[in-house]
Amino acid sequence: MADPGARSIWLIADDYGFSPGVSETIRTLLETGRLSGTGCMTLFDDWRDHARALAATDGRFVIGMHLTLTDFPALSTGRTMPDLKRLLTDHDVETIGMEANAQLARFRESFGRDPDFIDGHQHVHFLPPVRQWLAGRFADLPPEKRPWLRGAPTLRAAPALVKAKVIVARLLARGFDAEMRRHGFVVEGPLCGFYDWRRPGAFARALDLFIDRAPDGSVVMCHPGTVDDVLRRRDVFTDARNEERDALASEDFPQRLESASLRLKRAAS
28 MADPGARSIW LIADDYGFSP GVSETIRTLL ETGRLSGTGC MTLFDDWRDH ARALAATDGR
88 FVIGMHLTLT DFPALSTGRT MPDLKRLLTD HDVETIGMEA NAQLARFRES FGRDPDFIDG
148 HQHVHFLPPV RQWLAGRFAD LPPEKRPWLR GAPTLRAAPA LVKAKVIVAR LLARGFDAEM
208 RRHGFVVEGP LCGFYDWRRP GAFARALDLF IDRAPDGSVV MCHPGTVDDV LRRRDVFTDA
268 RNEERDALAS EDFPQRLESA SLRLKRAAS
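Residues in the sequence shown are numbered from 28 upward in steps of one, following the working numbering.
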């Protein structure tokens, strides 16, 4: 008889393709069943090497596209994309659509199919131009063949120190879930996984909170990795990725899930 208190969540590692150390760590966690899947950044020059390694990775997991529209050279033009603050106030629908198409084409080239899901680096998939792109780009596909989308955040499983950040993300996502469902998409969520990565040891404490409080069906984002020189050149979010890796790889993690009657969702067989 099923446990009436049992829950299941998507535990998704963002940023696959960000650096060799990030990608290798994510593949190891996927192979050992510690993750439900990963979202891919397809815009960097070394993407194809990362993609080949992921395609050869064993396990039942979903592979999505982590749409990236800020800070890095655009795949479509080579020009550096704006930071998030500027993107929020000054964006062009055509330019965003062109870059999203380029990143999607690279995903399709590598895996021969559409992504299982689409979300956004710095939550850019919530932006109105991306909503417009999603609705148009997949309009010719029946709902069951479309990527699912990561939905709006919840405060329910958010550590106290990041609740203001979650509220900002919720404002960015206002109306997203209902709008995209009207367009025929499956929207999974709510989104959990926010924590103050600048504080050493914060992820382990936050992970306990996510395990205990994440609503059934949540998408819990995480960012495990092994810091390398490429990551240090590309991002300021570094050492906390090692902490996430160690927490998710620990022997205690599966036992902790079991004690909370929490199951990780998997790709369909």
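Here a beta-carbon is modelled for each residue, glycine too, at the ideal position from N, C-alpha and C.
- Taking the CA atoms as reference points, residue 81 sits about 24 Å from residue 151.
- Residue 203 sits in a helix when the DSSP states are folded into three classes.
- If you check the CB distance, residue 214 and residue 38 do not come in under 7 Å.
- For the segment 180-261, the continuous alpha helix (DSSP H) assignments of 4+ residues that do not extend past its boundaries occur at 190-199, 203-209, 229-240, 256-261, in sequence order.
- Collapsing the DSSP output to three states places residue 157 in a helix.
- The three-state secondary structure of residue 131, taken from DSSP, is helix.
- With respect to residue 199, residue 153 sits close: the two C-beta atoms are nearer than 7 Å.
- In the three-state reduction of the DSSP assignment, residue 102 falls in the coil class, being assigned neither a helical nor a strand state.
- Taking one beta carbon from each stretch, the segment 86-99 and the segment 49-63 have 3 or more pairs nearer than 8 Å; the two touch.
- For residue 40, there is no enclosing alpha helix (DSSP H); the enclosing beta strand (DSSP E) covers residues 34-43.
- Of the candidates 267, 173, 159, 123, the residue whose Cα lies closest to the Cα of residue 142 is 173.
- Look at residue 107 here: in three-state DSSP terms it is strand.
- Our two residues, residue 294 and residue 187, have alpha carbons roughly 32 Å apart in a direct line.
- DSSP, reduced to helix, strand and coil, places residue 71 outside both helices and strands of the structure shown, so it counts as coil.
- The secondary-structure analysis by DSSP pairs residue 89 across a beta bridge with 64.
- Around residue 101, the same chain offers 108, 126 as residues with beta carbons nearer than 6 Å, after the five sequence neighbours per side are excluded.
- Here residue 265 has 254, 258, 259 as same chain residues with Cβ atoms under 7 Å from its own Cβ, once five neighbours each way along the sequence are excluded.
- For the pair of segments examined, the segment 131-147 was found to touch the segment 163-178: the number of CB pairs separated by less than 8 Å reaches three.
- Taking one beta carbon from each stretch, the segment 70-80 and the segment 280-295 have fewer than 3 pairs nearer than 8 Å; the two do not touch.
- When 35, 40, 45 are compared, the shortest CA-CA separation from residue 261 is found for 45.
- The C-beta separation of residue 181 from residue 236 comes to about 12 Å, leaving the pair out of contact by the 8 Å criterion.
- In the structure shown, residue 284 falls within a helical segment according to DSSP collapsed to helix, strand and coil.
- When DSSP states are grouped into helix, strand and coil, residue 146 belongs to the strand group.
- Burial is judged here by how many other beta carbons sit within 10 angstroms of a residue's own beta carbon; residue 251 has at least 16 and is buried.
- Beta-bridge annotation (DSSP): residue 176 is paired with 145, 214.
- DSSP places residue 291 inside the beta strand (DSSP E), whose first and last residues are 289-291.
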